[in-house]
Amino acid sequence: NAGVTQTPKFRVLKTGQSMTLLCAQDMNHEYMYWYRQDPGMGLRLIHYSVGEGTTAKGEVPDGYNVSRLKKQNFLLGLESAAPSQTSVYFCASSSHGSPSTDTQYFGPGTRLTVL
Amino acid sequence: AQSVTQPDIHITVSEGASLELRCNYSYGATPYLFWYVQSPGQGLQLLLKYFSGDTLVQGIKGFEAEFKRSQSSFNLRKPSVHWSDAAEYFCAVGVSRGGAQKLVFGQGTRLTINP
Numbered sequence: 801n802a803g804v805t806q807t808p809k810f811r812v813l814k815t816g817q818s819m820t821l822l823c824a825q826d827m828n829h830e831y832m833y834w835y836r837q838d839p840g841m842g843l844r845l846i847h848y849s850v851g852e853g854t855t856a857k858g859e860v861p862d863g864y865n866v867s868r869l870k871k872q873n874f875l876l877g878l879e880s881a882a883p884s885q886t887s888v889y890f891c892a893s894s895s896h897g898s899p900s901t902d903t904q905y906f907g908p909g910t911r912l913t914v915l
Numbered sequence: 048a049q050s051v052t053q054p055d056i057h058i059t060v061s062e063g064a065s066l067e068l069r070c071n072y073s074y075g076a077t078p079y080l081f082w083y084v085q086s087p088g089q090g091l092q093l094l095l096k097y098f099s100g101d102t103l104v105q106g107i108k109g110f111e112a113e114f115k116r117s118q119s120s121f122n123l124r125k126p127s128v129h130w131s132d133a134a135e136y137f138c139a140v141g142v143s144r145g146g147a148q149k150l151v152f153g154q155g156t157r158l159t160i161n162p
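So the sequences go chain by chain: A and B.
If you count by our numbering, then the first sequence holds residues 801 to 915, one letter each, in order.
If you count by our numbering, then the second sequence holds residues 48 to 162, one letter each, in order.
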């Protein structure tokens, strides 16, 4: 099993450009998450999904949109990129919604630079 | 609101020496606590987690952590570090929110190993 994969691994954008980050998992997990990681701040939750066709806002959702059209995929979109969105983006998935019974599995990350 | 503090941004230890990474949390209820490790250029891997029962938790790679409710701490320990332990370590508290498992991360501690 590949686990959680992310595409692309690196990307450089100019301010105002748009792009979509793809997360795919082959573990048949119901729950998927997008985080961003910035120096000195740990990971912060952007958006999450509790199942196919659902999305919800996390801690820092502004400037991002997401879609979960298929259970195995969770897309993160930037409609008009800003330098403040320069970050490393991590996707994660889990089979349950309770931290007492389940674990989030993380992808390798996408390093995005916005000039 | 829940929060996690890792007081040490960077720690350097010699190979073979013991290690303790500190983590303090703020959460009103019984916390679900996690330690993740991130090797350079990689995603996050779960080392161990606590959700109930024995306050001393054993994890992978020879790590253990002790939950101390009175001190709101969940410190990570290893008796003898190896050069391969050089990585960034994240403590997190997990809560169920909106039907999903929300993780709140600390800022991370970067571990350097001297030969």
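For each residue, glycine too, the CB sits at the ideal point set by N, CA and C.
Neighbour-count burial assignment, residue i, 16 or more Cβ in a 10 Å radius
| i | result |
| --- | --- |
| B:Ser145 | Contrary to the premise, residue 145 of chain B reads as Gly rather than Ser in this sequence. By the neighbour-count rule (16 or more Cβ atoms within 10 Å), B:Gly145 is not buried but exposed. |
| B:Gly90 | buried |
| B:Asp132 | buried |
| A:Gly877 | exposed |
| B:Gly88 | exposed |
| A:Gly840 | exposed |
| B:Ser65 | exposed |
Residue i: first and last residue of the uninterrupted beta strand (DSSP E) it sits in
| i | result |
| --- | --- |
| B:Glu113 | Glu111 to Lys115 |
| B:Val128 | Segment: none, B:Val128 is in no beta strand (DSSP E) and carries neither H nor E. |
| B:Ser73 | Asn71 to Ser73 |
| B:Thr77 | Looking at the DSSP string, B:Thr77 is not in any beta strand (DSSP E), and its letter there is neither H nor E. |
| B:Ala134 | Ala134 to Arg144 |
| B:Lys149 | Ala147 to Phe152 |
| A:Ser874 | The sequence given here has Phe at residue 874 of chain A, not Ser. Taken as a continuous stretch (DSSP letters only), the beta strand (DSSP E) holding A:Phe874 covers Asn873 to Leu878. |
| A:Ile846 | Leu843 to Ser849 |
| B:Glu67 | Leu66 to Leu68 |
| A:Phe810 | Phe810 to Leu813 |
| B:Tyr97 | Leu91 to Tyr97 |
| A:Arg868 | Segment: none, A:Arg868 is in no beta strand (DSSP E) and carries neither H nor E. |
Whole-number beta carbon distance between residue j and residue i, since they are thought to touch under 8 Å
| i | j | result |
| --- | --- | --- |
| A:Tyr905 | A:Met827 | 7 Å |
| B:Thr156 | B:Tyr136 | 5 Å |
| A:Ser887 | A:Leu875 | No, A:Ser887 and A:Leu875 are not in contact; Cβ-Cβ is about 17 Å, not under 8 Å. |
| A:Thr910 | A:Leu821 | 5 Å |
| B:Phe121 | B:Tyr74 | About 11 Å; that fails the 8 Å criterion. |
| B:Gln53 | B:Gly153 | 4 Å |
| B:Leu93 | B:Phe81 | 7 Å |
| A:Ser895 | A:His829 | 5 Å |
| A:Val860 | A:Arg836 | 7 Å |
Neighbour flag for residue i against chain A, beta carbons, 8 Å
| i | result |
| --- | --- |
| B:Ser143 | yes |
| B:Leu68 | no |
| B:Gln89 | yes |
| B:Lys108 | no |
| B:Ala147 | yes |
| B:Gly11 | The structure shown does not extend to residue 11 of chain B, since chain B is modelled only from 48 to 162, so the question has no answer here. |
| B:Tyr74 | no |
| B:Phe137 | yes |
| B:Lys115 | no |
| B:Gln96 | It is Lys, not Gln, that sits at residue 96 of chain B in the sequence shown. For B:Lys96, the answer is yes, since a Cβ of chain A falls inside 8 Å of its Cβ. |
| B:Leu103 | no |
| B:Phe121 | no |
| B:Leu158 | no |
C-beta neighbour in chain B for residue i, strict 8 Å
| i | result |
| --- | --- |
| A:Asp862 | no |
| A:Val866 | no |
| A:Ala856 | yes |
| A:Val850 | yes |
| A:Asp902 | yes |
| A:Tyr831 | yes |
| A:Leu843 | yes |
| A:Ser898 | yes |
| A:Gly853 | no |
| A:Phe810 | no |
| A:Ser894 | yes |
| A:Phe874 | no |
| A:Pro883 | no |
| A:Gly907 | yes |
| A:Gly840 | yes |
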